[in-house]
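Numbering of the sequence shown is given in our numbering, commencing with residue 153 and proceeding in unit increments. Even glycine gets a Cβ: it sits at the ideal position worked out from N, Cα and C. First up is the structure itself, then whatever we jot down about it.
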Amino acid sequence: MTATVDGEAWTAATSSLSATLIEDVPGGVLLEGTANLGVAYRQITISLYNIDGPGTYALGVTASMYGGYATYAISGGQWHSPYTGASGTVTVQELSNDRIKGTFQFHATPILGSQTPDTHDITGGQFDLPLESPLAAVPDNVGGSLQVKVGDVDYSASYFTVTPNGTGGYLLTTGNDDYQFGIFLDGVDGPGPYPLSFPTRSIVINPGTNPSDGVSCCWGPSVEDTGTITLTTASAERLAGTFSATLNPRDGTNATESVVLVGGMFDLGLAMP
């Protein structure tokens with residue numbers, strides 16, 4: 153396991169390497185490596201979730217998503233891939249019952265509560281590690297992704313939850329550090345277009361868990377909002393599709409103008425917690 157940390161070569165000691173299953177997450181595995189064993193150690197960990205084959209997966213997400221979460225630690229502090237939904241990537245090149253191989257890169261910020269303002273850039277990462285046992289199979293109803301451009305801001309979800317409303321509809325709640333993004337979708341009876349129609353079909357944007365400086369919020373839901381959610385998959389296991397909308401600013405927030413949502417894409421498993 154190798155990488156470059158802020159331009160300096162990083163190579164994990166062979167004795168520190170491991171790839172262990174995360175037992176409560178389908179397709180979950182924890183990759184670990186430590187350079188400079190001892191007081192001056194430098195450790196990288198990467199947790200992957202809902203991985204079932206080769207592909208490129210986002211870092212900075214929770215176990216509800218397709219992707220993972222990474223940390224960088226030394227004796228003087230700990231940094232992580234923040235929950236932006238897009239703070240790095242892991243590309244799994246090979247995945248078998250007994251081996252995982254790929255590349256990684258991420259931008260690491262101080263873990264919340266840390267006293268250091270420093271950040272670190274981990275680039276050019278590579279791993280080729282034996283697996284202690286095959287990854288658990290990923291069911292059809294778990295894992296997810298959602299991306300959309302909110303005005304000038306690229307939004308990628310770091311987590312999501314699904315709440316059925318009992319009338320053939322769902323509340324899909326996603327979020328990251330900047331925004332919480334909710335879709336109310338009622339009366340789903342199969343694939344097709346579903347125009348926004350307050351209050352049964354609407355989109356709402358609220359503040360995230362740790363908004364960046366300068367991020368404006370909030371929008372929707374409103375009878376004046378316009379847009380369409382188009383489902384390409386609507387089954388008992390998953391909802392997937394595209395969406396676009398124009399949302400009006402909400403009274404009492406610092407949003408002063410409508411926001412346009414473009415390029416929205418989602419693929420969300422419907423497993424209940």
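Query raised in the report: Quick one: what's R390 bridged to in DSSP?
Result: Taking the first residue of the sequence shown as 1, we reach residue 390 at position 238. Answer by DSSP bridge pairing, in chain order: G421.
Query raised in the report: Within 10 angstroms of its Cβ, does R251 collect 16 or more other Cβ (buried), or is it exposed?
Result: One-based indexing of the sequence shown puts residue 251 at position 99. Flag for R251 reads exposed.
Query raised in the report: Among I357, A388 and A164, which residue has its Cα nearest to the Cα of L399?
Result: As a position in the sequence shown, residue 399 is number 247, starting the count at 1. Looking at the Cα atoms, I357 is the closest of the given residues.
Query raised in the report: Based on the DSSP secondary-structure assignment, which residues constitute the bridge partners of I252?
Result: For the purposes of this step, residue 252 is identified with residue 100 of the sequence shown, where counting begins at 1. In DSSP, I252 forms a bridge with L247 and L281.
Query raised in the report: Does the separation of the CB atoms of A225 and Q195 fall below 7 Å?
Result: By one-based count along the sequence shown, residue 225 stands at place 73. By one-based count along the sequence shown, residue 195 stands at place 43. It is a contact, given that the beta carbons lie within the stated cut-off.
Query - Backbone secondary structure at T166 - three-state DSSP - result: By 1-based counting over the sequence shown, the position of residue 166 is 14. Here T166 sits in helix by DSSP.
Report task. Would you mind sorting D270 into buried or exposed? The rule is 16 or more other CB atoms within 10 Å of its CB. Result -> Taking the first residue of the sequence shown as position 1, residue 270 is located at position 118. Exposed is the call here.
Requested in this report: State the Cα-Cα distance for the pair T352 and T325, rounded to the nearest angstrom.
Outcome: Translated into positions along the sequence shown, residue 352 becomes position 200. Translated into positions along the sequence shown, residue 325 becomes position 173. If you take the alpha carbons of T352 and T325, they lie about 15 Å apart.
Requested in this report: Could you check how far apart the C-beta atoms of G334 and T319 are, in whole angstroms? I think they sit under 8 Å.
Outcome: Residue numbering aside, residue 334 sits at position 182 when the sequence shown is read from its first letter. Residue numbering aside, residue 319 sits at position 167 when the sequence shown is read from its first letter. At roughly 17 Å, the Cβ-Cβ gap does not stay under 8 Å, so G334 and T319 are not in contact.
Query raised in the report: What residue range is occupied by the uninterrupted beta strand (DSSP E) comprising G219?
Result: For the purposes of this step, residue 219 is taken as the residue at position 67 of the sequence shown. Counting along the chain, the beta strand (DSSP E) containing G219 begins and ends at G219 to I226.
**Report entry** Nearest neighbour of G295, chosen from T156, A187 and Y201 [CA to CA]
**Finding:** Locating residue 295 in the sequence shown gives position 143, counting from the first residue. Out of T156, A187 and Y201, Y201 has the C-alpha closest to the C-alpha of G295.
Query raised in the report: What are the complete beta strand (DSSP E) segments, minimum 3 residues, inside the segment 275-355?
Result: 296-302, 305-308, 311-316, 322-327, 331-337 and 344-347
Query raised in the report: Hey, how far is the Cα of F395 from the Cα of S354?
Result: Here residue 395 is taken as the residue at index 243 of the sequence shown, counted from 1. Here residue 354 is taken as the residue at index 202 of the sequence shown, counted from 1. If I take the Cα positions, the gap works out to 11 Å.
Query raised in the report: In whole angstroms, what separates the C-alpha of V305 from that of L183?
Result: Along the sequence shown, read from residue 1 onward, the residue named residue 305 stands at position 153. Along the sequence shown, read from residue 1 onward, the residue named residue 183 stands at position 31. Using only the alpha carbons, I get a separation of about 31 Å.
Query raised in the report: Just the Cα atoms here: how many angstroms apart are A260 and G212?
Result: Translated into positions along the sequence shown, residue 260 becomes position 108. Translated into positions along the sequence shown, residue 212 becomes position 60. Those two C-alpha atoms are separated by around 10 Å.
Query - Residues of its chain near T313, where Cβ-Cβ distance is below 6 Å and the 5 sequence neighbours each way are ignored - result: For this step, residue 313 is matched to residue 161 along the sequence shown. So the list reads T325, once near-sequence residues are dropped.
Query raised in the report: What separation, rounded to the nearest whole angstrom, lies between the Cα atoms of A192 and S285?
Result: For the purposes of this step, residue 192 is taken as the residue at position 40 of the sequence shown. For the purposes of this step, residue 285 is taken as the residue at position 133 of the sequence shown. In a straight line, the C-alpha of A192 is about 32 Å away from that of S285.
Query raised in the report: Should the segment 270-280 be regarded as contacting the segment 401-408, the criterion being three or more beta carbon pairs within less than 8 Å?
Result: no
Query raised in the report: Over what stretch of residues does the beta strand (DSSP E) that includes L264 continue unbroken?
Result: The residue labelled residue 264 in the question sits at position 112 within the sequence shown. From DSSP, L264 is part of no beta strand (DSSP E); its letter is neither H nor E.
Requested in this report: Use the C-beta contact count for P345: other C-beta atoms within 10 angstroms, 16 or more gives buried, fewer gives exposed.
Outcome: Sequence index remark: in the sequence shown, residue 345 carries index 193 (1-based). Exposed is the call here.
Query raised in the report: Candidates G219, T214, T382 and M424: which alpha carbon is nearest F418's?
Result: Mapped onto the sequence shown, residue 418 falls at position 266. Closest by alpha carbon: T382.
Query raised in the report: If T163 and T154 are in contact, beta carbons under 8 Å, what's the gap, nearest whole angstrom?
Result: Locating residue 163 in the sequence shown gives position 11, where the first residue counts as 1. Locating residue 154 in the sequence shown gives position 2, where the first residue counts as 1. Correct: roughly 5 Å between the Cβ atoms.
Query raised in the report: Tell me, which residues are paired with Y201 by DSSP?
Result: Along the sequence shown, read from residue 1 onward, the residue named residue 201 stands at position 49. Partner(s): G219.
Query raised in the report: Which residues in the same chain as G219 place their Cβ atom closer than 7 Å to its Cβ, once the five residues preceding and following it in sequence are excluded?
Result: By one-based count along the sequence shown, residue 219 stands at place 67. Y201, Y209, A210, L211 and V213, listed in sequence order.
Query raised in the report: When we look at the beta-carbon of T236 and count the other beta-carbons within 10 Å, is it buried (16 or more) or exposed?
Result: Taking the first residue of the sequence shown as 1, we reach residue 236 at position 84. With 16 or more other Cβ atoms within 10 Å, it is buried.
Query raised in the report: CB-CB under 7 Å to V412, same chain, minus the five flanking residues each way: which ones, in chain order?
Result: Counting from one through the sequence shown, the residue named residue 412 turns up at place 260. Here the set comprises G303 and T398.
Report task. Return helix, strand or coil for L189, following the three-state DSSP convention. Result -> Indexing the sequence shown from 1 puts residue 189 at position 37. Looking at L189 - three-state DSSP - the assignment turns out to be coil, as it is neither helix nor strand.
Query raised in the report: Could you give the distance in angstroms between the alpha-carbon of Q230 and the alpha-carbon of D204?
Result: Here residue 230 corresponds to residue number 78 of the sequence shown, with the count starting at 1. Here residue 204 corresponds to residue number 52 of the sequence shown, with the count starting at 1. Each residue's Cα considered, the two are about 29 Å apart.
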